[in-house]
Amino acid sequence: MEEESPIEARANHNLAILTKIFKNFQKYVHSKKISIEDDFSIIKYFFTKYLEILKQSRVDEIFSEEDYPNDCIPFLTIHQSKGLEFPVVIVFSLYSKPNVSGDLSRQTSIDRLINSNSRISEIDKEYFDFYRKFYVAFSRAKNLLILSCYEKGVSENFKPFFYSVRGVNSLQFDINQINLDEVSKKDERRILSYTTDIALYRYCPMKYFLVREKEYSTFDKKVFNLGIITHKAIEHINKSVLQKQEIFSDNYIENLVKNIYKFQNIDLDNNVERIINIVKKYMEDEKDNFKYIKKIEASEFRVEDNYILYGQIDLILEDENEIKIIDFKTGKYNEIEFSSNYRQQLSLYKLLLQKKYDKEIKTYLYYLEEDEPKKEILIDDEDLKEDLENITKTTQDILDKKFPKIPYNQNICGLCEFKNYCWGIQ
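For what it's worth, UniProt numbering labels the leading residue of the sequence shown as 1, then goes sequentially.
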């Protein structure tokens, strides 16, 4: 794939932010699919009300202070810039004034709470908060601070030093005399996960590019909600067992599942009873093995030359003789459809644990809805070597930014949010 120009990278970055806003809005209105034919009132609400709510609330959690394309200039609020430093900083908003007329600012700082009994007046506190905010902005500059404002718009609070520095049109100003630190690209090892990176890349390199490289949001699908909520419920049960909680009534499990729906901002659907039954079955099947729980959602790493392999293991069991790696799956096990990706995922987990444990390590897929849920996947040294080679090849393709478009596949492309990008509007 050809390297993007800064303009193209900036456009992609902004569109990715827009998809995050759309996704958050869909959760906000509890709608899975919004179309202009069926939901014009919702679309109208988005443009006339929701965006205004975001603006008034100054919501900036969808933006990342350090996540902007190379060779592009980040626009940050003063709050977002805290803790960062740049060779050149341009500060706008010099028309601002302390709110000392009429009602004072309703925004109460920590200092105001601490000094509430002091003799400092509310006006002095307002000035203090005002100048402290701009001190943060001014002190972000490492080599050059530029003050910018319409000349007639500069407030009285900034005029003394605004007019004391040389303007860019001044004969005394020579841009060639400015010494700036060289901006070097960060040389950070990238962390690559099997499920979110390697498996997604193999599924579709172009989708990987849009989701992982450009951070476009994907929209939640009902089939994925089943897996997410089930995994969350099983994780909670395992952690509770590890913390010596032993009583799990039917009401407890039912409330647990419904609370996970609520926490994930997902409406209750016809999968609720199914998930409750899965959790009950798991507890009955594994009641004798709970005592062997070693770790839950264990994060493990393997450092390579130019990247770090990361795996999050659903469950690790340990007895006197062996370690068992458990990876939970919803749905039914089908040996014909069993993917080598599953084995490679378990191979990676086994590699991640080999240096930590001297015991024999066994690997299992756990199909939560099967009568015999635990399927041991045999992985010998040759398998480990082969799987690591395949994983290494995929990671290198990712690092080399090889993101080809796969041939059209109805089962993959037909269900993809980005199909119109690849294939045009059908």
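Here a beta-carbon is modelled for each residue, glycine too, at the ideal position from N, C-alpha and C.
All values reported here derive from a predicted model rather than from experimental measurement.
* Asked: Taking the alpha helix (DSSP H) that Asp358 falls in, what are its first and last residues?
  -> For the purposes of this step, residue 358 is taken as residue 358 along the sequence shown, with counting starting at 1. The continuous stretches of alpha helix (DSSP H) do not include Asp358, and DSSP gives it neither H nor E.
* Thr230 burial status per 10 Å Cβ neighbour count (16 or more: buried) -> For the purposes of this step, residue 230 is identified with residue 230 of the sequence shown, where counting begins at 1. By the Cβ-count criterion, Thr230 is buried, with 16 or more other Cβ atoms from all chains shown falling within 10 Å of its own Cβ.
* **Rounded straight-line distance, which links the Cα of Asn14 to that of Glu182** => If you number the sequence shown from 1, residue 182 lands on position 182. If you number the sequence shown from 1, residue 14 lands on position 14. Their Cα atoms are separated by approximately 27 Å.
* **Completely contained beta strand (DSSP E) runs for the segment 260–330, where each covers 3 or more residues** => With a minimum length of 3 residues, the continuous beta strand (DSSP E) runs that stay inside the segment 260–330 are 293–303, 307–318 and 322–329.
* Since Phe86 is in the alpha helix (DSSP H), which residue starts that stretch and which ends it? -> Here the question's residue 86 lines up with position 86 in the sequence shown. Run containing Phe86: none in the alpha helix (DSSP H); it sits in the beta strand (DSSP E), Phe86 to Val91.
* Asked: CA-CA distance, Val295 and Ile323?
  -> Here the question's residue 295 lines up with position 295 in the sequence shown. Here the question's residue 323 lines up with position 323 in the sequence shown. The sequence given here places Lys at residue 295; Val does not occur at that position. Each residue's alpha carbon lies about 11 Å from the other.
* Neighbour-count burial assignment, Ala137, 16 or more Cβ in a 10 Å radius -> Position 137 of the sequence shown, counting from 1, holds the residue named residue 137. With a threshold of 16 other beta carbon atoms within 10 Å, Ala137 meets it and is buried.
* Does the beta-carbon of Ile391 have 16 or more other beta-carbons within 10 angstroms, so that it is buried, or is it exposed? -> For the purposes of this step, residue 391 is taken as the residue at position 391 of the sequence shown. Buried, by the Cβ-count rule.
* Best match in Ile7, Tyr367, Thr394 and Thr363 for proximity to Tyr201 [C-alpha to C-alpha] -> Taking the first residue of the sequence shown as 1, we reach residue 201 at position 201. The shortest Cα separation from Tyr201 among Ile7, Tyr367, Thr394 and Thr363 belongs to Thr394.
* What are the boundary residues of the beta strand (DSSP E) that includes Glu376? -> Counted from its first residue, the sequence shown places residue 376 at position 376. Lys374 to Glu376 is the extent of the beta strand (DSSP E) around Glu376.
* Asked: Any idea what DSSP makes of Glu3, helix, strand or coil?
  -> The sequence position of residue 3 within the sequence shown is 3, counting from 1. The answer is coil: DSSP assigns Glu3 none of H, G, I, E or B.
* Asked: So, do the segment 154–171 and the segment 349–369 have three or more beta carbon pairs nearer to each other than 8 Å?
  -> The segment 154–171, when compared against the segment 349–369, does not touch it at the 8 Å Cβ threshold.
* Asked: In three-state terms, what does DSSP make of Tyr366?
  -> Looking up residue 366 in the sequence shown gives position 366. Strand at Tyr366.
* Asked: So, is Arg132 buried or exposed, given that buried needs 16 or more other C-beta atoms within 10 angstroms?
  -> Mapped onto the sequence shown, residue 132 falls at position 132. Arg132 comes out exposed.
* DSSP on Asn143, reduced to helix/strand/coil? -> Along the sequence shown, one-based indexing puts residue 143 at 143. The DSSP-derived three-state label of Asn143 is strand.
* Asked: In its own chain, which residues sit with a C-beta less than 8 Å from the C-beta of Tyr208, not counting the 5 before and 5 after it?
  -> The sequence position of residue 208 within the sequence shown is 208, counting from 1. Excluding sequence neighbours, Tyr208 sits near Asp197, Leu200, Tyr201, Ile398 and Phe403.
* List the residues that DSSP assigns as beta-bridge partners of Ile191. => Counting from one through the sequence shown, the residue named residue 191 turns up at place 191. Partner(s): Ile308.
* Within the chosen definition, does the segment 341–353 reach the segment 243–259 through at least 3 CB pairs nearer than 8 Å? -> As far as the Cβ criterion goes, the segment 341–353 does not touch the segment 243–259, which means the pair count is below three.
* Asked: In the structure shown, what three-state DSSP assignment does Glu389 receive?
  -> As a working mapping, residue 389 is identified with position 389 in the sequence shown. Under the three-state reduction of DSSP output, Glu389 falls in the helix class.
* Asked: Which residues bound the alpha helix (DSSP H) around Pro74?
  -> Reading the sequence shown from its first residue, position 74 is the one you call residue 74. DSSP places Pro74 outside any alpha helix (DSSP H), giving it a letter other than H or E.
* Asked: Within 10 angstroms of its Cβ, does Asp314 collect 16 or more other Cβ (buried), or is it exposed?
  -> As a working note, residue 314 is residue 314 in the sequence shown. With 16 or more other Cβ atoms from the protein chains shown falling within 10 Å of its own Cβ, Asp314 counts as buried.
* Asked: If we call anything under 8 Å between Cβ atoms a contact, is Asn176 one with Val88?
  -> Walking along the sequence shown from the start, residue 176 turns up at place 176. Walking along the sequence shown from the start, residue 88 turns up at place 88. In this structure, Val88 does not lie closer than 8 Å to Asn176 by Cβ.
* Among Ile326, Thr330, Ile178 and Lys291, which has the Cα closest to the Cα of Glu320? -> Within the sequence shown, residue 320 is the residue found at index 320, counting from 1. Per the C-alpha coordinates, the member of Ile326, Thr330, Ile178 and Lys291 positioned closest to Glu320 is Lys291.
* So, is Gly311 buried or exposed, given that buried needs 16 or more other C-beta atoms within 10 angstroms? -> Position 311 of the sequence shown, counted from the first residue, corresponds to residue 311. Looking at its Cβ environment, which holds 16 or more other Cβ atoms inside 10 Å, Gly311 is buried.
* Using only alpha-carbon positions, find the residue among Pro6, Asp327 and Pro407 that is nearest to Glu376. => Here residue 376 corresponds to residue number 376 of the sequence shown, with the count starting at 1. The shortest Cα separation from Glu376 among Pro6, Asp327 and Pro407 belongs to Asp327.
* Asked: With 16 as the cutoff for other CB atoms within 10 Å, does Asn411 come out buried or exposed?
  -> Locating residue 411 in the sequence shown gives position 411, counting from the first residue. By the neighbour-count rule (16 or more Cβ atoms within 10 Å), Asn411 is not buried but exposed.
* DSSP three-state call for Val257: helix, strand or coil? -> In the sequence shown, counting from the first residue as 1, residue 257 sits at position 257. Helix, per DSSP.
* Asked: Is it true that the CB of Lys332 sits closer than 8 Å to the CB of Ala16?
  -> Here residue 16 refers to the residue found at position 16 of the sequence shown. Here residue 332 refers to the residue found at position 332 of the sequence shown. Ala16 places its beta carbon 8 Å or farther from that of Lys332.
* Would you be able to state if there are at least three C-beta pairs under 8 Å between the segment 272–280 and the segment 295–308? => The segment 295–308 is not in contact with the segment 272–280.
* Terminal residues of the continuous alpha helix (DSSP H) containing Phe40? -> Working through the sequence shown from its first residue, we reach residue 40 at position 40. Element bounds for Phe40: Phe40 to Tyr45.
* Under 8 Å between C-beta atoms of Arg189 and Ile308 -> Start at 1 with the first residue of the sequence shown, and residue 189 comes out as number 189. Start at 1 with the first residue of the sequence shown, and residue 308 comes out as number 308. In this structure, Ile308 lies closer than 8 Å to Arg189 by Cβ.
* Asked: Quick one, are the C-beta atoms of Leu147 and Leu84 less than 8 Å apart?
  -> The count along the sequence shown starts at 1 and reaches residue 147 at position 147. The count along the sequence shown starts at 1 and reaches residue 84 at position 84. No, Cβ-Cβ distance for Leu147 and Leu84 is not below 8 Å.
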